[in-house]
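Below: one structure, written as structure tokens.
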Amino acid sequence: MGESMVLFVPGEPGPAHEVTTWTRTVGGAESNVACTLARLGVPSAWVSALGDDPFGHAVVAAVAGAGVDVSGVRFDAVRPTGLYIKESDAAGSPVRYYRRGSAASAMGPDVLDRVDLTGVRVVHVSGITAGLSESCRALLWALLDLPRDGFAVSFDLNWRPALWAEQDRGVLRDLARRADIVLVGADEAETVWGVGTPAGIRELLPEPSTVVVKQGADGATLLELGAEPVFEPALRVEVVEPVGAGDAFAAGFLAATLAGAAPSRRLREGHLRAATVLCTHHDVAEPLPVEVASALLDADPGEWSSVKLTAQGVTR
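This note's numbering applies: residue 233 is where the sequence shown begins, and numbers increase by one.
Below is the structure:
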């Protein structure tokens, strides 16, 4: 549940102010997760609001094309679809957002009136939605207030500093503490909460049953109530462009969690899906062939650490 926008990336090399050809695609943290889950064979749906404009219909078509149920999307005849511009760079892609007053920013608790949670096992949201508007924050609080009848709430911090320049970021901790599953990067936790170690983050968020701390190229740590922390190193990757990797990690981790996989396997699933996105210019990547993915996920620690994923495939 959250905003997705039309995305423009340079269609030719050179600095952005000199580029005259742009490629239109789609991007949004929550829909990225939904699309990746669908491609992994996990039934998923995306709930949002879009402008009743060509860009809004393009976004819905792209997400639906990935196999995601988009029946929970509503079109706004007054407010536009948001858009953003991304420059591709392996070191970190500069992004410029044009989303103020977008259709999604007007979402509120009433969204839940049209969402059927029967049979739903996980509702995935992020801190991005909380930063869009007061009504969007009210939507998240309303979701977290619902009885957890068979479903868990997954919350990805997804820190976007531009959204919080004039707002109280303390709400992000409050929201995370109410969730069941929290995913957070060590670097963004350090920026937002002043603490970046897995132990420190867990101390800050004692309530969620599951906390995943992503530690960049080093790996990720899983902390679950009543269990010892589990660390799993990341795959080595030849990075093409990093945007979307965190969403892919979330999808891989959630898919493995829903399948009842062991802790280390859940982290490896996250790493593997993130790695495939890191090797592309896209926010959502096609999964590796099943036999390749299975071999990697079943590899012993030495083999796992010796593998490198590139745009051309797996190398050692």
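Virtual Cβ for every residue (Gly too), placed ideally from N, Cα, C.
Residue closest to residue i, alpha-carbon to alpha-carbon, out of the options
i	options	result
R392	L371, A421, R500	A421
L378	R410, R306, V291, S365	R410
A506	F383, R468, A494	R468
R401	E435, G363, A266, G259	G363
L457	V443, G448, V238	V443
V403	G428, E366, L344	E366
R306	G234, E319, T542, A531	G234
A483	V355, V343, P245	V355
G382	R353, S263, T547, Q399	R353
M237	G478, T253, N264, E244	N264
A397	P533, R548, V424, A491	V424
T257	G246, F287, E244	F287
A480	A491, T508, T547, C368	T508
V310	E250, D285, T542, D406	D285
G283	R331, G299, E470, D406	R331
G314	H289, R405, R548	H289
G259	V295, L349, P275	V295
R380	S537, G351, D406, E535	G351
I266	R548, F485, D406	One detail in the question is off: residue 266 reads as Ala in this sequence, not Ile. The residue with the shortest Cα to Cα distance from A266 is F485.
G359	R405, M339, Y329	R405
M339	S303, C368, P533	C368
A384	L490, E523, P275, I433	L490
S526	K540, E501, P533	E501
K540	A449, E250, V427	A449
Bridge partners - residue i, DSSP secondary structure assignment
i	result
A240	Before going further, note that residue 240 is Phe rather than Ala in the sequence given. Answer by DSSP bridge pairing, in chain order: R256, I317.
R332	Note: R332 sits in no beta bridge, so no partner.
F387	V357, V414
D308	G283
R468	K540
T453	V445, F463
V546	L541
V327	K318
D301	A277
Under 8 Å between C-beta atoms of residue i and residue j
i	j	result
P341	A370	yes
P312	S334	yes
L499	L454	yes
H503	E460	no
F240	I317	yes
V279	V347	yes
P430	V462	no
G451	A466	yes
W254	P242	yes
V472	H513	yes
R497	A487	no
L344	V357	no
L349	T361	no
Supposed contact pair residue j and residue i - C-beta distance, whole angstroms, cut 8 Å
i	j	result
A261	N390	5 Å
A418	Q447	5 Å
D308	A281	6 Å
E319	A394	About 15 Å; that fails the 8 Å criterion.
L510	P474	6 Å
T577	E435	Missing from the structure shown is residue 577; the chain here goes from 233 to 548 and no further.
S537	R548	That belief does not hold up - the Cβ atoms of S537 and R548 are roughly 10 Å apart, past 8 Å.
key: Three or more C-beta pairs below 8 Å linking the stretch 511–530 and the stretch 260–277   = yes
At least 3 beta-carbon pairs within less than 8 Å: the stretch 435–442 vs the stretch 411–419 = yes
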